[in-house]
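Engineer: The opening position of the sequence shown corresponds to residue 1 in the working numbering, with each subsequent residue numbered one higher.
Think of the CB as a built atom: it goes at the ideal place given N, C-alpha and C, for glycine as much as any other residue.
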Amino acid sequence: MTEKLFSPYQFKSLQLQNRVVMAPMCQYSVTAKDGIPNDWHQVHYVSRAVGGTGLIIIEMTDVEPDGRITDQDLGIWSDDHIPAFAKLVDGMHAHGSKVAIQIAHAGRKAQDASQPVAPSVVTFPGEAYKEPRALTTEEVVAMVHKFAAGVRRAVQAGVDAIELHGAHGYLIHQFHSPLMNHREDVYGQELSRFGVDVIHAVKKEMPADMPLIMRISAIEYADGGYDIDHTLQVARAYQEAGVDIFHISSGGEGPSGQRKPGNYPGYQVPFARRFREELHVPVIAVGMLEDAALAQAVIGNEDADLVAIGRGMLRDPYWANHAALELGVSKEHAAIAEQYSRGY
Numbered sequence: 001m002t003e004k005l006f007s008p009y010q011f012k013s014l015q016l017q018n019r020v021v022m023a024p025m026c027q028y029s030v031t032a033k034d035g036i037p038n039d040w041h042q043v044h045y046v047s048r049a050v051g052g053t054g055l056i057i058i059e060m061t062d063v064e065p066d067g068r069i070t071d072q073d074l075g076i077w078s079d080d081h082i083p084a085f086a087k088l089v090d091g092m093h094a095h096g097s098k099v100a101i102q103i104a105h106a107g108r109k110a111q112d113a114s115q116p117v118a119p120s121v122v123t124f125p126g127e128a129y130k131e132p133r134a135l136t137t138e139e140v141v142a143m144v145h146k147f148a149a150g151v152r153r154a155v156q157a158g159v160d161a162i163e164l165h166g167a168h169g170y171l172i173h174q175f176h177s178p179l180m181n182h183r184e185d186v187y188g189q190e191l192s193r194f195g196v197d198v199i200h201a202v203k204k205e206m207p208a209d210m211p212l213i214m215r216i217s218a219i220e221y222a223d224g225g226y227d228i229d230h231t232l233q234v235a236r237a238y239q240e241a242g243v244d245i246f247h248i249s250s251g252g253e254g255p256s257g258q259r260k261p262g263n264y265p266g267y268q269v270p271f272a273r274r275f276r277e278e279l280h281v282p283v284i285a286v287g288m289l290e291d292a293a294l295a296q297a298v299i300g301n302e303d304a305d306l307v308a309i310g311r312g313m314l315r316d317p318y319w320a321n322h323a324a325l326e327l328g329v330s331k332e333h334a335a336i337a338e339q340y341s342r343g344y
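1. Cutting at 8 angstroms between CB atoms, please list the residues of its own chain near Tyr-129, excluding the five before and the five after it.
2. Per DSSP, which one or two residues make a beta bridge with Ser-249?
3. Work out the CA separation of Val-151 and Phe-175 for me, nearest whole Å.
4. Can you find the residues in the same chain that come closer than 6 angstroms, C-beta to C-beta, to Thr-53, ignoring five residues on each side of it along the sequence?
5. Quick one: residues in its chain with C-beta nearer than 6 angstroms to the C-beta of Leu-5, no 5 flanking neighbours on either side, listed in chain order?
6. Run through DSSP, which three-state label would Asp-62 get?
7. Grouping DSSP H, G and I as helix and E and B as strand, with all else coil, what is Ile-284?
8. What do you get for Trp-40, buried or exposed, if any count of 16 or more other CB atoms within 10 angstroms of its CB means buried?
9. So is Ser-330 buried or exposed if we call it buried at 16+ other beta carbons inside 10 Å?
10. Classify His-44 as helix, strand or coil using the three-state DSSP reduction.
11. Go ahead and label Arg-315 buried or exposed: buried means 16 or more other beta carbons lie within 10 angstroms of its beta carbon, across all protein chains shown.
12. Taking the beta carbon of Arg-189 as the centre, do at least 16 other beta carbons fall within 10 Å, making it buried, or is it exposed?
13. For Leu-405, list the residues DSSP reports as bridge partners.
14. For the beta strand (DSSP E) holding Lys-146, just list the boundary residues, first then last.
15. Taking Gln-102 and Pro-37 to be in contact with their CB atoms under 8 angstroms, please state how far apart those CB atoms are, rounded to whole angstroms.
16. At which residues does the alpha helix (DSSP H) containing Gln-115 begin and terminate?
17. Per the DSSP calculation, Val-99 is bridged to which residue(s)?
18. With distance defined between alpha-carbon atoms, name the residue in Pro-211, Arg-133, Lys-12 nearest to Leu-171.
19. How close, in whole Å, do the beta carbons of Ala-366 and Leu-279 come, if the pair is a contact with beta carbons under 8 angstroms?
20. His-182: buried (16+ other C-beta within 10 angstroms of its C-beta) or exposed?
21. Exposed or buried, which one is Met-1 when buried takes at least 16 other CB atoms within 10 Å?
22. Name the residue from His-333, Ser-13, Ala-84, Glu-3 whose alpha carbon lies nearest to the alpha carbon of Ala-161.
23. On the CB-based measure, 16 or more other CB atoms within 10 Å of its CB, does Gln-258 come out buried or exposed?
24. Buried or exposed: Ile-216, going by 16 or more other Cβ atoms within 10 Å of its Cβ?
25. State yes or no: is the C-beta of Phe-147 within less than 8 angstroms of the C-beta of Ala-113?
26. Measuring only the C-alpha atoms, how far is Pro-119 from Gly-35?
27. DSSP three-state call for Arg-276: helix, strand or coil?
28. With burial defined as no fewer than 16 other Cβ atoms inside 10 Å of the residue's Cβ, what is the status of Asp-229: buried or exposed?
29. Taking DSSP as the reference, what is the three-state secondary structure of Met-1?
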């Protein structure tokens with residue numbers, strides 16, 4: 001039992017030294033220019049690799065400039081981005097971590113866009129957000145190609161897996177949500193259609209044995225928001241289209257109504273377990289799982305295959321090594337850098 005969180009994991013070509021995942025977290029770095037990773041990102045990500053993380057998911061990386069949440073975020077809309085991402089990936093690989101990247105578009109949540117785009121003219125609540133413009137059908141098709149081009153560049157940069165961001169109220173989520181998608185064309189008649197088209201397009205840019213991950217919000221918290229039965233129906237379409245692993249989060253579509261998000265450790269784990277049991281698919285659990293014993297239990301109880309640590313890993317780049325120490329994991333199962341081994 002003591003080695004569960006630190007047992008190796010393999011799916012297709014992805015071979016991980018442990019079950020610990022660094023969740024994708026935007027850095028909103030004021031030094032970021034034109035979406036290109038810089039020295040901050042190099043130190044930030046590589047330090048988590050030194051810290052023993054099995055899989056590091058690079059933060060939300062957007063397929064066009066106005067697809068970013070803010071102008072301080074990363075992007076991958078040009079071949080000029082490839083060298084900086086390749087350097088970043090090489091740095092993490094050098095210390096034993098495998099790397100995924102979250103490919104996305106913020107849609108109506110693009111705060112710095114002069115006019116955000118979305119499936120429909122439904123504004124995200126809050127003073128920071130502008131009224132979006134509804135994409136035409138032709139523009140939706142073009143957006144699918146932008147996702148594919150972003151994935152092509154990420155593959156060229158050397159990543160080990162791709163994650164599509166279908167959660168937290170961003171563009172793919174906006175399309176599969178009845179709250180945000182009021183279209184009358186094919187992308188409104190079939191709410192999973194945009195996500196399915198994106199999946200088909202990006203799979204053509206990926207090696208056949210490279211896993212495709214989808215992050216998805218299991219439920220919405222706004223009044224009238226969808227529940228997990230809706231998400232599972234959408235996810236089945238995504239799985240059939242080619243998603244290999246689901247990363248289970250929740251919310252992000254707007255302020256909560258009568259249904260509130262949990263504010264306790266592990267509140268999203270039951271969602272992950274239901275996906276795993278009903279879709280028979282590997283899942284990543286996330287959400288206040290930074291207590292090492294709890295993360296261990298999620299794997300030991302077979303609630304999920306991998307555990308993602310978010311804010312806990314912002315506070316502690318060596319979270320994985322410290323969790324191994326706390327759990328009494330033997331040195332051969334902990335990914336401790338030789339230079340630091342005296343400390344363990």
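Structural biologist: Taking the structure as given:
1. Here residue 129 refers to the residue found at position 129 when the sequence shown is read from its first residue. So the list reads Arg-108, Lys-109, Gln-111, Pro-116, Thr-123, once near-sequence residues are dropped.
2. Stepping through the sequence shown from its first residue, residue 249 is reached at position 249. Residue pairing by DSSP places Ser-249 opposite Ser-217 in a beta bridge.
3. Within the sequence shown, the letter at position 175 stands for residue 175. Within the sequence shown, the letter at position 151 stands for residue 151. Between Phe-175 and Val-151, the C-alpha separation is close to 20 angstroms.
4. Position 53 of the sequence shown, counted from the first residue, corresponds to residue 53. Answer for Thr-53: Val-20, Met-22, Ser-97, Ala-320, listed in chain order.
5. As a working note, residue 5 is residue 5 in the sequence shown. Here the set comprises Arg-19, Ala-295, Gln-296, Ile-299.
6. Reading the sequence shown from its first residue, position 62 is the one you call residue 62. Correct three-state label for Asp-62: strand.
7. Reading the sequence shown from its first residue, position 284 is the one you call residue 284. Ile-284 falls in the strand class under three-state DSSP.
8. Position 40 of the sequence shown, counted from the first residue, corresponds to residue 40. By the 10 Å Cβ count, Trp-40 comes out exposed.
9. Here residue 330 corresponds to residue number 330 of the sequence shown, with the count starting at 1. The C-beta of Ser-330 has fewer than 16 other C-beta atoms within 10 Å across all chains shown, which makes the residue exposed.
10. Numbered from 1 along the sequence shown, position 44 holds the residue referred to as residue 44. Here His-44 sits in helix by DSSP.
11. On the sequence shown, position 315 is the one that residue 315 refers to. It is exposed - the Cβ of Arg-315 has fewer than 16 other Cβ atoms within 10 Å.
12. Position 189 of the sequence shown holds residue 189. Residue 189 is actually Gln in this sequence, not Arg. That one is exposed.
13. Lying before the first or after the last residue shown, residue 405 is absent from the chain, which here runs from 1 to 344.
14. Against the sequence shown, residue 146 aligns to sequence position 146. No beta strand (DSSP E) contains Lys-146, which is instead part of the alpha helix (DSSP H) from 137-156.
15. Counting from one through the sequence shown, the residue named residue 102 turns up at place 102. Counting from one through the sequence shown, the residue named residue 37 turns up at place 37. In fact, because the Cβ distance is near 13 angstroms, the residues do not count as touching under 8 angstroms.
16. The sequence position of residue 115 within the sequence shown is 115, counting from 1. Gln-115 -> no alpha helix (DSSP H), and no H or E assigned at all.
17. The residue labelled residue 99 in the question sits at position 99 within the sequence shown. Looking at the DSSP assignment, Val-99 forms a beta bridge with Ile-56.
18. Taking the first residue of the sequence shown as 1, we reach residue 171 at position 171. Minimum Cα distance to Leu-171 is reached at Arg-133.
19. Nothing can be reported for residue 366: it is not among the residues displayed for the chain, which extend from 1 to 344.
20. As a first step, residue 182 is located in the sequence shown; it is residue number 182 there, counting from the start. Looking at its Cβ environment, which holds fewer than 16 other Cβ atoms inside 10 Å, His-182 is exposed.
21. In the sequence shown, residue 1 corresponds to position 1, counting from 1. At Met-1 the pLDDT is 45, less than 50, meaning the model places this residue with poor confidence; the figure from the coordinates comes in the next sentence. Looking at its Cβ environment, which holds fewer than 16 other Cβ atoms inside 10 Å, Met-1 is exposed.
22. Here residue 161 refers to the residue found at position 161 when the sequence shown is read from its first residue. The shortest Cα separation from Ala-161 among His-333, Ser-13, Ala-84, Glu-3 belongs to Ser-13.
23. For this step, residue 258 is matched to residue 258 along the sequence shown. Exposed, by the Cβ-count rule.
24. Here residue 216 refers to the residue found at position 216 of the sequence shown. When all chains shown are included, Ile-216 counts as buried.
25. Looking up residue 147 in the sequence shown gives position 147. Looking up residue 113 in the sequence shown gives position 113. No, Cβ-Cβ distance for Phe-147 and Ala-113 is not below 8 angstroms.
26. Translated into the one-based positions of the sequence shown, residue 119 becomes position 119. Translated into the one-based positions of the sequence shown, residue 35 becomes position 35. Those two C-alpha atoms are separated by around 24 angstroms.
27. The count along the sequence shown starts at 1 and reaches residue 276 at position 276. Note: Arg-276 maps to helix in three-state DSSP.
28. Numbered from 1 along the sequence shown, position 229 holds the residue referred to as residue 229. It counts as exposed.
29. Position 1 of the sequence shown, counted from the start, is the residue given in the question as residue 1. Residue placement at Met-1 cannot be trusted, given a pLDDT of 45 that sits under 50; the coordinates are not used to answer.
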